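Student: Residue numbers (the numbering used here), protein chains in the order written: chain G, 1 to 298; chain A, 1001 to 1298; chain H, 2001 to 2298; chain L, 3001 to 3298.
There are 4 protein chains.
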Amino acid sequence: MLTGVHVAFLGGDARQLEVIKKCVEMDATVTLIGFDNLESTFQGVHLKELEPKILEDVDCLILPIVGTDEDGYVESIFSKKKLKLTEEFLSHLPKTSKIYTGMARQYLKNLTNDLQIDLVELLDRDDVAIYNSIPTAEGTIMMTIQNTNFTIHGSNAIVLGFGRTGITLARVLGALGAKVKVGARRPEHLARIYEMGLQPFYISELAEQVKDVDLLYNTIPHIIVTAKVIANMPHHALIIDLASKPGGTDFRYAEKRGIKALLAPGLPGIVAPKTAGIIISNVLTKLILEQFGDQGGN
Amino acid sequence: MLTGVHVAFLGGDARQLEVIKKCVEMDATVTLIGFDNLESTFQGVHLKELEPKILEDVDCLILPIVGTDEDGYVESIFSKKKLKLTEEFLSHLPKTSKIYTGMARQYLKNLTNDLQIDLVELLDRDDVAIYNSIPTAEGTIMMTIQNTNFTIHGSNAIVLGFGRTGITLARVLGALGAKVKVGARRPEHLARIYEMGLQPFYISELAEQVKDVDLLYNTIPHIIVTAKVIANMPHHALIIDLASKPGGTDFRYAEKRGIKALLAPGLPGIVAPKTAGIIISNVLTKLILEQFGDQGGN
Amino acid sequence: MLTGVHVAFLGGDARQLEVIKKCVEMDATVTLIGFDNLESTFQGVHLKELEPKILEDVDCLILPIVGTDEDGYVESIFSKKKLKLTEEFLSHLPKTSKIYTGMARQYLKNLTNDLQIDLVELLDRDDVAIYNSIPTAEGTIMMTIQNTNFTIHGSNAIVLGFGRTGITLARVLGALGAKVKVGARRPEHLARIYEMGLQPFYISELAEQVKDVDLLYNTIPHIIVTAKVIANMPHHALIIDLASKPGGTDFRYAEKRGIKALLAPGLPGIVAPKTAGIIISNVLTKLILEQFGDQGGN
Amino acid sequence: MLTGVHVAFLGGDARQLEVIKKCVEMDATVTLIGFDNLESTFQGVHLKELEPKILEDVDCLILPIVGTDEDGYVESIFSKKKLKLTEEFLSHLPKTSKIYTGMARQYLKNLTNDLQIDLVELLDRDDVAIYNSIPTAEGTIMMTIQNTNFTIHGSNAIVLGFGRTGITLARVLGALGAKVKVGARRPEHLARIYEMGLQPFYISELAEQVKDVDLLYNTIPHIIVTAKVIANMPHHALIIDLASKPGGTDFRYAEKRGIKALLAPGLPGIVAPKTAGIIISNVLTKLILEQFGDQGGN
Ligand SMILES: NC(=O)c1ccc[n+]([C@@H]2O[C@H](COP(=O)([O-])OP(=O)(O)OC[C@H]3O[C@@H](n4cnc5c(N)ncnc54)[C@H](OP(=O)(O)O)[C@@H]3O)[C@@H](O)[C@H]2O)c1
Ligand SMILES: NC(=O)c1ccc[n+]([C@@H]2O[C@H](COP(=O)([O-])OP(=O)(O)OC[C@H]3O[C@@H](n4cnc5c(N)ncnc54)[C@H](OP(=O)(O)O)[C@@H]3O)[C@@H](O)[C@H]2O)c1
Ligand SMILES: NC(=O)c1ccc[n+]([C@@H]2O[C@H](COP(=O)([O-])OP(=O)(O)OC[C@H]3O[C@@H](n4cnc5c(N)ncnc54)[C@H](OP(=O)(O)O)[C@@H]3O)[C@@H](O)[C@H]2O)c1
Ligand SMILES: NC(=O)c1ccc[n+]([C@@H]2O[C@H](COP(=O)([O-])OP(=O)(O)OC[C@H]3O[C@@H](n4cnc5c(N)ncnc54)[C@H](OP(=O)(O)O)[C@@H]3O)[C@@H](O)[C@H]2O)c1
Chain G
1 MLTGVHVAFL GGDARQLEVI KKCVEMDATV TLIGFDNLES TFQGVHLKEL EPKILEDVDC
61 LILPIVGTDE DGYVESIFSK KKLKLTEEFL SHLPKTSKIY TGMARQYLKN LTNDLQIDLV
121 ELLDRDDVAI YNSIPTAEGT IMMTIQNTNF TIHGSNAIVL GFGRTGITLA RVLGALGAKV
181 KVGARRPEHL ARIYEMGLQP FYISELAEQV KDVDLLYNTI PHIIVTAKVI ANMPHHALII
241 DLASKPGGTD FRYAEKRGIK ALLAPGLPGI VAPKTAGIII SNVLTKLILE QFGDQGGN
Chain A
1001 MLTGVHVAFL GGDARQLEVI KKCVEMDATV TLIGFDNLES TFQGVHLKEL EPKILEDVDC
1061 LILPIVGTDE DGYVESIFSK KKLKLTEEFL SHLPKTSKIY TGMARQYLKN LTNDLQIDLV
1121 ELLDRDDVAI YNSIPTAEGT IMMTIQNTNF TIHGSNAIVL GFGRTGITLA RVLGALGAKV
1181 KVGARRPEHL ARIYEMGLQP FYISELAEQV KDVDLLYNTI PHIIVTAKVI ANMPHHALII
1241 DLASKPGGTD FRYAEKRGIK ALLAPGLPGI VAPKTAGIII SNVLTKLILE QFGDQGGN
Chain H
2001 MLTGVHVAFL GGDARQLEVI KKCVEMDATV TLIGFDNLES TFQGVHLKEL EPKILEDVDC
2061 LILPIVGTDE DGYVESIFSK KKLKLTEEFL SHLPKTSKIY TGMARQYLKN LTNDLQIDLV
2121 ELLDRDDVAI YNSIPTAEGT IMMTIQNTNF TIHGSNAIVL GFGRTGITLA RVLGALGAKV
2181 KVGARRPEHL ARIYEMGLQP FYISELAEQV KDVDLLYNTI PHIIVTAKVI ANMPHHALII
2241 DLASKPGGTD FRYAEKRGIK ALLAPGLPGI VAPKTAGIII SNVLTKLILE QFGDQGGN
Chain L
3001 MLTGVHVAFL GGDARQLEVI KKCVEMDATV TLIGFDNLES TFQGVHLKEL EPKILEDVDC
3061 LILPIVGTDE DGYVESIFSK KKLKLTEEFL SHLPKTSKIY TGMARQYLKN LTNDLQIDLV
3121 ELLDRDDVAI YNSIPTAEGT IMMTIQNTNF TIHGSNAIVL GFGRTGITLA RVLGALGAKV
3181 KVGARRPEHL ARIYEMGLQP FYISELAEQV KDVDLLYNTI PHIIVTAKVI ANMPHHALII
3241 DLASKPGGTD FRYAEKRGIK ALLAPGLPGI VAPKTAGIII SNVLTKLILE QFGDQGGN
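Right, dumping it as structure tokens:
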């Protein structure tokens, strides 16, 4: 239980609601800032304005997935007011408290660094990234079906990268009946790909491998799908690039060659905000419980 | 090869193009009626107007998937002219020839019956229905992802009917990580469902089974998802009804209860027209070859 | 419940015990004939000798999986006495009763025919055959691993026949990572094989298909794996023939060519007698309940 | 190619033959020591006695999977002579050369350390361990079927450890239709287990999880399946312990409680020596090529 623990939420979107719900269930003291338009308020939850004094006895401060922008502004779909996380404001937070967010921009990193407050970036965690790979793969499947006139079943698909997202996507495509090749650079990855019943290749041979590809998916956050690669692909092929902006594809050249290439960021929040919220909420609650729960760690 | 065989196409959509291509490759004599706006014409193919004499030496006449409407009109996305298949016109077709279509309306059935011409309904065939179940399942997956805020993975899904479409859909949902129950009425179906690693139940127990369902799919062409069933479902559940119009769902009651219910006809042609065309084209070519090919049947 | 229903068991093996257990649970009156060495007797069960009068008020008589042999003898692993099912003995059974067995030999068929008593052959039923295909496939997997020096994963496997056993075996082999081809003769079977992600071919092309086969499995109860087929197989290949005796393989020629070929009858009873017993017991109990149960059919 | 590279093999079993074959194909100079009874000799290969001078121009020395025993003896199934790898003998090997083995005992480690010769232990490598997990899993499946009277399909299975072997085994059991739980200790492992459609739990909760287990598999090389755990298991359950000797099971207590528990070491070499040989041979050849091949690294 979180009895006596004070959790403050600053801004957010639908995903935050799952976390708030869980904190309430665990009997935490919950303060919401920037939720003035929230319709279904939770029992015993306090809606507050963005005022420094509010933070004075807060144990954890929970920011939205994107934390702040580069100027310190925090987004909230539940408020029309501008919310800025200033140094002044944050300096009221006790040094023993923790800030949780999805991913931090430089602004937030600097601020917490200066003030020596612990900052936890949830999307960095392997478990969160693996859970999120599930809605990401489903979103990718949806986009594929929307953007092709053939079925995934029976098509030649290539997945680049065999990390947290690539593993899941490759499995799902195989399960749907695609002939899946996966490009990676480590021998142990090639071994696992083979064991999974998929066809491994070294990413260095990519240009050779795409000659009959129908569906090319990239998860490697570097320029990988170069003009040279694209030049070898058939015209009807579709590229979906999942790597974080700006992706790993030479989009300019793809367009020139008439090959459809899509950058697809943020799929979990788009196709399955509820699941995405539950993922964050489960991990966050577990972390808060381990840190502040009465038992420490159960 | 189809050398010397005369194949006429009357109307159609993109799917027809695959069949035309294959007939041309096999050296058939090909006549197209109602394709005046067709851009990429095929080599050696004759575009003709709808005139009775055209049919006089035709061996097979290929109509669009839907054949004619109830008044005898044939649709063509490649022509603005109205195409009507009259008795007068059809009477010029030799008695030894065959007419192929997807599904025949009563108008066409009566006509061919009166004239004693063989009519082959391709969508009736088990093999075509099974091949088509693949794009149908992918279209269903796409609609599911579009219409929910949670992932298929981990959700409770129910498939009603374990025929050509139901088997495929159940397998695909399972492969995507849903917990899948399948409702059927034959003991041997329950056995196969169990063997596939899914959870079988007798359709007669449907009202009990839906209490925690997230996704309900119907493939049974009878009223199955009744008000009584819907009344037991959770509010966030989604119903997708694949059975041919009017489906097997009490849509009126679903709406009243605030449960989203979608009727989803014709998915193969919508989400994967190219694959759907290849399916028809493969089977059609095989049938024409068996009937008219030089070797009969290879 | 089976209160008041009199069920007699004549002979059998370990599989019978599951059925007896279930009948006792359902409160049937249970008589066991030929179980004199049975160690763990069930509460309220009567051990009897093979005497005509015993059958006089029996509602169902349950014989072992193999019924009788061609001379009328019934096997029992629980007795050293010879048990013969004579016409004299059986004539005491009421005409309204039913006899259940796995598979009947001609002797038993003639007898029941003459006496006009209903005979139910359980292994004939589709549901039983499908449930049994699971232990059959597992037994086949075990034999394969025992008889090869390479893994199933990555090997070229062929399954002949796409019936109740073939479907299951093909799926299991695919799941273990083999490259699976399935030979069948119906176009709708080829479609389903393709949908399952396996590679279909017409059985008529078998001789061509085996050139690089590592593992060949037959489920077709006709001579299919002929000398001509075997002549095309690589030497290291293994043939496992599951079809009922004498199988569908030219074993003489296989031996001559030095290709290991095994006939593998009765796998469920060998590798998973407990599961095999539960399968029979579940279906049998359901049938008895439908026939004699207080509610008829639930 | 390996033209001009001198590869010497000292002792070994059937698995070694695949490596020899590949080296010959790549045009290496191949010397075999301790293969005097080898029947099918390879073209251009030299059979030699164990004499120090032989090693003088050797580039790589390949030992059997187990290297030497603790006294320096090397096993060979192809020779009756005793082969001892002495310091005297090994000191003739050029300092630039490499020794490859599966796993090294302390004797061999000390020797190569003293002589400053590179020693490569192949079974340590992640890729080799993952490839080997495939025959290991198949051997485990075979042992399971042999040692139970029920099917894997439908049974409750638990896999302990989610490393190179555990991942593969868990997937295979799931593919065969078992209900699979996997115990691990890292949150990212629990996430991946969930994504794979299996049921994760923290290994610390093991004693609770085994209450209805039918099949318990251990891959963790520590005492994990303790008396406390075994005390909670049903009597009919089977334990297969794959962890290297002495395994992670309290075998004494299992026996006392009447629960069958098997230690199953070295499965790849037992159930699929050919595949095991190819695995070693592929990786070994790749390493030799990278080290000594004309191109270095392709
Ligand atoms: N679009 C969305 O909705 C969405 C959702 C989730 C993630 N993402 C994005 O997708 C990307 C991948 O995320 P992830 O969680 O899967 O990350 P990850 O686990 O780190 O995987 C990245 C993969 O890329 C490989 N890689 C990196 N640099 C490489 C190079 N130079 N050459 C070859 N391979 C290279 C890595 O291989 P090694 O293991 O050999 O290093 C690894 O397999 C990230 O950019 C992430 O932000 C997008
Ligand atoms: N939306 C689309 O894009 C799309 C695509 C393909 C098909 N469809 C439609 O989907 C429906 C199913 O097609 P299909 O090819 O799968 O047909 P199918 O193979 O005939 O399967 C129909 C299933 O419904 C069951 N069923 C029929 N009446 C029943 C009843 N009264 N109670 C319980 N079960 C009953 C059948 O069970 P038994 O085997 O016991 O008879 C069978 O399992 C059709 O209406 C078809 O037009 C739609
Ligand atoms: N060894 C064991 O432990 C074990 C266990 C179970 C069963 N069995 C035996 O295995 C065999 C198959 O059993 P099952 O339950 O799978 O039977 P099934 O469902 O009737 O399947 C038999 C298959 O063989 C095909 N077939 C029959 N004659 C053919 C022919 N002339 N050419 C091509 N295909 C042909 C059938 O095709 P169509 O559908 O086109 O007719 C069907 O796919 C039987 O002999 C059975 O006794 C053995
Ligand atoms: N019987 C055979 O034929 C055969 C074949 C192959 C391997 N093996 C043996 O099987 C064992 C596993 O091999 P592997 O290649 O899979 O090794 P691995 O990749 O290192 O996996 C070992 C697993 O054990 C877990 N683990 C280790 N200590 C633990 C602890 N104290 N508590 C909880 N989990 C713990 C590890 O978890 P973390 O990732 O959290 O550390 C890891 O998941 C070894 O002993 C190996 O020699 C036997």
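Ideal placement from N, C-alpha and C gives every residue a C-beta, glycine not left out.
These numbers come from a predicted model, not from an experiment.
(1) Taking 9 Å as the cut-off, decide whether the C-beta atoms of I1054(A) and F1009(A) are in contact.
(2) Could you tell me which whole alpha helix (DSSP H) segments of length 4 or greater appear in the segment 2152-2222 of chain H?
(3) By the three-class DSSP mapping on this structure, what secondary structure does E121(G) have?
(4) Which chain A residues are close to S2133(H), counting only those with a beta carbon under 7 Å from its beta carbon?
(5) Under a three-way DSSP split, which group does F1042(A) fall into?
(6) Under the criterion of a Cβ to heavy atom distance below 8 Å, does R1185(A) qualify as lining ligand 2?
(7) Name the residues in the segment 2158-2190 of chain H whose C-beta lies less than 8 Å from a C-beta of chain L; which are they?
(8) Three or more C-beta pairs closer than 8 Å, one from the segment 198-207 of chain G and one from the segment 108-125 of chain G: is that the case here?
(9) Which partner residues does H6(G) have in the DSSP bridge list?
(10) So, with DSSP's three-state summary, where would you put V2024(H)?
(11) Count the other C-beta atoms from every protein chain shown that fall within 10 angstroms of the C-beta of H189(G), then say buried if there are 16 or more, exposed otherwise.
(12) Name the chain A residues that come within less than 8 Å of I2270(H), Cβ to Cβ?
(13) Can you find the residues in the same chain that come closer than 7 Å, C-beta to C-beta, to E1138(A), ignoring five residues on each side of it along the sequence?
(14) Where do the ends of the beta strand (DSSP E) carrying L2111(H) lie?
(15) For G12(G), which three-state DSSP category applies?
(16) With contact counted as at least three CB pairs below 8 Å, one residue from each stretch, are the segment 2230-2238 of chain H and the segment 2163-2175 of chain H in contact?
(17) So which residues on chain G does I3130(L) lean against when the C-beta distance must stay under 7 Å?
(18) With DSSP run on the structure shown, which of helix, strand or coil describes M233(G)?
(19) Does the separation of the CB atoms of G177(G) and A14(G) fall below 9 Å?
(20) Do we get a CB-CB distance below 9 Å when we pair N113(G) with the residues of chain A?
(21) Where A2264(H) and G2161(H) are concerned, what is the direct C-alpha to C-alpha distance, given to the nearest angstrom?
(22) Alpha carbons only, please: which of N3156(L), E3195(L), V3045(L), G3197(L) is nearest the one belonging to Q3209(L)?
(23) Express the C-alpha separation of N3282(L) and N3298(L) in angstroms, rounding to a whole number.
(24) Using DSSP with H/G/I as helix, E/B as strand and the rest coil, what is G2297(H)?
(25) Please state whether DSSP places K1098(A) in a helix, a strand or coil.
(26) Alpha carbons only, please: which of N2037(H), P2052(H), T2031(H), E2049(H) is nearest the one belonging to Q2043(H)?
(27) In or out: P3094(L) buried (at least 16 other Cβ within 10 Å) or exposed?
(28) Identify which residue in R3192(L), Q3199(L), H3222(L) has its Cα closest to the Cα of V3182(L).
(29) Measure from the alpha carbon of R2164(H) to the alpha carbon of each residue in E2087(H), E2195(H), T2226(H), A2243(H), then state which is nearest.
(30) Using a Cβ cut-off of 9 Å (strictly closer), state whether H235(G) contacts chain H.
(31) Would a check of beta-carbon distances place Q2199(H) closer than 9 Å to chain G?
(32) Output needed for A175(G): all residues of its chain with C-beta closer than 6 Å, excluding positions within five of it in sequence on either side, in chain order.
(33) For chain A, is any of its Cβ atoms less than 9 Å away from the one on H153(G)?
(34) Taking D126(G) as part of the alpha helix (DSSP H), name the residues at either end of that continuous run.
(35) List the DSSP bridge partners of S2076(H).
Tutor: Taking the coordinates as given:
(1) no
(2) 2164-2175, 2187-2195, 2206-2209
(3) strand
(4) E1195
(5) coil
(6) yes
(7) V2172, A2175, L2176, G2177
(8) no
(9) T29(G)
(10) helix
(11) buried
(12) Those within 8 Å of I2270(H) in chain A number zero; the least Cβ separation is about 19 Å.
(13) V1271, A1272
(14) First-last for L2111(H): 2106-2115, but that is the alpha helix (DSSP H), not the beta strand (DSSP E).
(15) strand
(16) no
(17) E188, A191, R192, E195
(18) coil
(19) no
(20) no
(21) 16 Å
(22) N3156(L)
(23) For N3298(L), the predicted structure reports a pLDDT of 38, less than 50, and the residue's modelled location is therefore unreliable. A value from the coordinates is still provided. Going from the Cα of N3298(L) to the Cα of N3282(L) covers about 13 Å.
(24) With a pLDDT of 38 at G2297(H), under the threshold of 50, the modelled position of this residue cannot be trusted, and the question is left open.
(25) strand
(26) T2031(H)
(27) exposed
(28) Q3199(L)
(29) A2243(H)
(30) no
(31) no
(32) none
(33) yes
(34) 126-146
(35) G2012(H)
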